[in-house]
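Once you know that position 98 of the sequence shown is 97 in numbering that gives the first Met the number 0, the rest is easy, because the numbers rise by one and skip nothing.
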Amino acid sequence: MTMNAHVQTPSSPYYVANGNECALFDAAQENGLPLLLKGPTGCGKTRFVEHMAARLGRRLYTVACHDDLSAADLIGRYLLRGGATEWVDGPLTRAVREGAICYLDEVVEARKDVTVVLHPLTDNRRTLMIDRTGEELHAPPGFMLVASYNPGYQNVLKRMKPSTRQRFLAITFGFPEPETEIAIIASESGLEAGRVAPLVRLGGHIRKLSGMDLEEGVSTRLLIYAATLIAGGMGVEKALEAAVIEPLSDDADTQIALRDLVTTIYG
């Protein structure tokens with residue numbers, strides 16, 4: 000297994016549905032169809048997959064994709080152990096063998112050879128070729144491939160090709176509605192809902208801003224971080240500085256504008 004893979008057995012992660020995403024996931028799993036999750040950073044894509052895996056009682060292999068992630072990292076490789084060469088399955092191979100769920104987080108970040116490996120798994124063949132061993136694995140009915148990416152971060156060099164996208168069912172994720180986001184943040188941080196509400200208002204204002212040096216609006220994840228600090232006794236100003244303002248931008252003018260927003264919301 001690669002250092003990038005995280006194996007999760009069923010538990011009960013907190014998740015609040017925003018639409019029919021749970022029903023669509025169920026349908027994809029029942030019919031052996033791959034699923035693509037699209038949306039901004041920190042909007043709940045990974046938590047959704049964790050929630051569904053737990054709800055279905057399925058083992059989940061999560062792979063955080065990055066520039067150096069290759070097909071071999073997913074499939075496996077020969078390793079030297081105790082003076083002997085031994086084949087070790089990668090997370091994708093293990094998921095196929097076990098009929099588990101394999102989640103490729105930010106799949107467009109991976110090297111291009113990963114796409115070649117995924118194509119036979121995302122059509123009617125549902126096969127994984129292991130060239131190093133000559134083995135051809137046929138995915139059992141329980142296997143499911145889920146991938147995610149952030150459309151806002153795509154560029155010419157890192158863009159999911161239409162030929163790949165059209166192999167997946169797809170769901171677009173956005174940030175939760177204010178009432179839902181308040182419930183999520185309160186549950187995750189332990190901060191009472193009344194004190195979470197201004198945080199969510201702040202998040203909404205930041206997401207609506209235009210013309211600022213922000214690649215993306217503040218994520219629900221960062222708001223949870225801020226709420227956690229506040230619940231632990233840190234002052235609101237210091238918590239927002241550490242959890243929202245500094246992570247969002249290095250630009251001094253942008254940070255000043257964000258601090259002005261904080262003052263407007265909190266007085």
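Cβ coordinates follow ideal geometry from the N, Cα and C atoms, glycine included.
Quiz item: Relative to the C-alpha of Ile-264, which residue among Leu-228, Asp-249, Val-199 is closest?
Solution: Position 265 of the sequence shown holds residue 264. That would be Val-199, whose Cα lies nearest to the Cα of Ile-264.
Exercise. Spatial neighbours of Gly-272 within its chain, please: CB distance less than 6 angstroms, with the 5 preceding and 5 following residues excluded, ordered by chain position.
Key: Nothing in the structure corresponds to residue 272, since the chain is present only between 0 and 266.
Self-check item: Buried or exposed (CB count within 10 angstroms, at least 16 for buried), Val-113
Solution: As a working note, residue 113 is residue 114 in the sequence shown. It is buried - the Cβ of Val-113 has at least 16 other Cβ atoms within 10 Å.
Exercise. Inspect the beta-carbon positions of Ala-22 and Ile-100 and report whether they are closer than 9 angstroms.
Key: Numbered from its first residue, the sequence shown carries residue 22 at position 23. Numbered from its first residue, the sequence shown carries residue 100 at position 101. No. Outside cutoff.
Self-check item: Secondary structure, alpha helix (DSSP H): runs of 4+ residues fully inside the region 103–175
Solution: 112–117, 161–164
Quiz item: Span of the beta strand (DSSP E) holding Gly-75?
Solution: Within the sequence shown, numbered from 1, the residue matching residue 75 stands at position 76. Residues 75–80.
Practice problem: Assign Tyr-13 to one of three DSSP states: helix, strand, or coil. | Solution: Along the sequence shown, one-based indexing puts residue 13 at 14. Correct three-state label for Tyr-13: coil.
Quiz item: Is the region 59–73 in contact with the region 202–222, if contact means three or more CB pairs nearer than 8 angstroms?
Solution: no
Exercise. Give the straight-line distance between the Cα atoms of Val-261 and Glu-245, rounded to the nearest whole angstrom.
Key: One-based indexing of the sequence shown puts residue 261 at position 262. One-based indexing of the sequence shown puts residue 245 at position 246. Taking the straight line from one Cα to the other gives about 13 angstroms.
Quiz item: Per DSSP, which one or two residues make a beta bridge with Glu-85?
Solution: For the purposes of this step, residue 85 is identified with residue 86 of the sequence shown, where counting begins at 1. Paired residue(s): Leu-78.
Exercise. Kindly indicate the opening and closing residues of the beta strand (DSSP E) around Thr-61.
Key: Start at 1 with the first residue of the sequence shown, and residue 61 comes out as number 62. That run of the beta strand (DSSP E) goes 59–63.
Quiz item: Which class does Val-95 belong to by DSSP, given the choice of helix, strand or coil?
Solution: As a first step, residue 95 is located in the sequence shown; it is residue number 96 there, counting from the start. The answer is helix: DSSP assigns Val-95 an H, G or I state.
Practice problem: Find the nearest neighbour of Leu-136 within the set Arg-93, Arg-220, Gly-43, judged by alpha-carbon distance. | Solution: As a working note, residue 136 is residue 137 in the sequence shown. Of the candidates Arg-93, Arg-220, Gly-43, the one whose C-alpha sits nearest the C-alpha of Leu-136 is Arg-93.
Quiz item: Three-state secondary structure (DSSP) at Leu-34?
Solution: One-based indexing of the sequence shown puts residue 34 at position 35. Leu-34 falls in the strand class under three-state DSSP.
Quiz prompt | alpha helix (DSSP H) segment containing Met-284, residue limits | solution = As shown, the chain starts at 0 and ends at 266. That puts residue 284 outside it, with no answer to give.
Quiz item: Since Cys-101 sits in a beta bridge, which residues does DSSP pair it with?
Solution: Start at 1 with the first residue of the sequence shown, and residue 101 comes out as number 102. In the DSSP output, where bridge partners are listed per residue, Cys-101 has Tyr-60, Leu-144.
Self-check item: Nonlocal neighbours in the same chain, by C-beta distance under 8 angstroms from Pro-184, ignoring five residues either side
Solution: Counting from one through the sequence shown, the residue named residue 184 turns up at place 185. Strictly speaking, residue 184 in this sequence is Ile, with Pro absent from that position. The answer, listed in chain order, is Leu-190, Val-195, Leu-198, Val-199, Thr-219, Leu-222, Ile-223, Ala-226.
Quiz item: Taking the alpha helix (DSSP H) that Thr-227 falls in, what are its first and last residues?
Solution: Stepping through the sequence shown from its first residue, residue 227 is reached at position 228. Segment 219–230, the alpha helix (DSSP H) holding Thr-227.
Practice problem: Return yes when the C-beta of Gly-31 is under 8 angstroms from any heavy atom of the ligand ZN, and no when it is not. | Solution: What this structure holds is no ligand at all, so the ligand ZN is not there to describe.
Quiz prompt | Outcome for Met-255 when other beta-carbon atoms lying within 10 angstroms are tallied against a minimum of 16 | solution = Position 256 of the sequence shown, counting from 1, holds the residue named residue 255. Contrary to the premise, residue 255 reads as Ile rather than Met in this sequence. Exposed, since its Cβ has fewer than 16 Cβ neighbours within 10 Å.
Exercise. Look up Ser-188 in the DSSP assignment and say whether it is helix, strand or coil.
Key: Position 189 of the sequence shown holds residue 188. Three-state DSSP puts Ser-188 in a helix.
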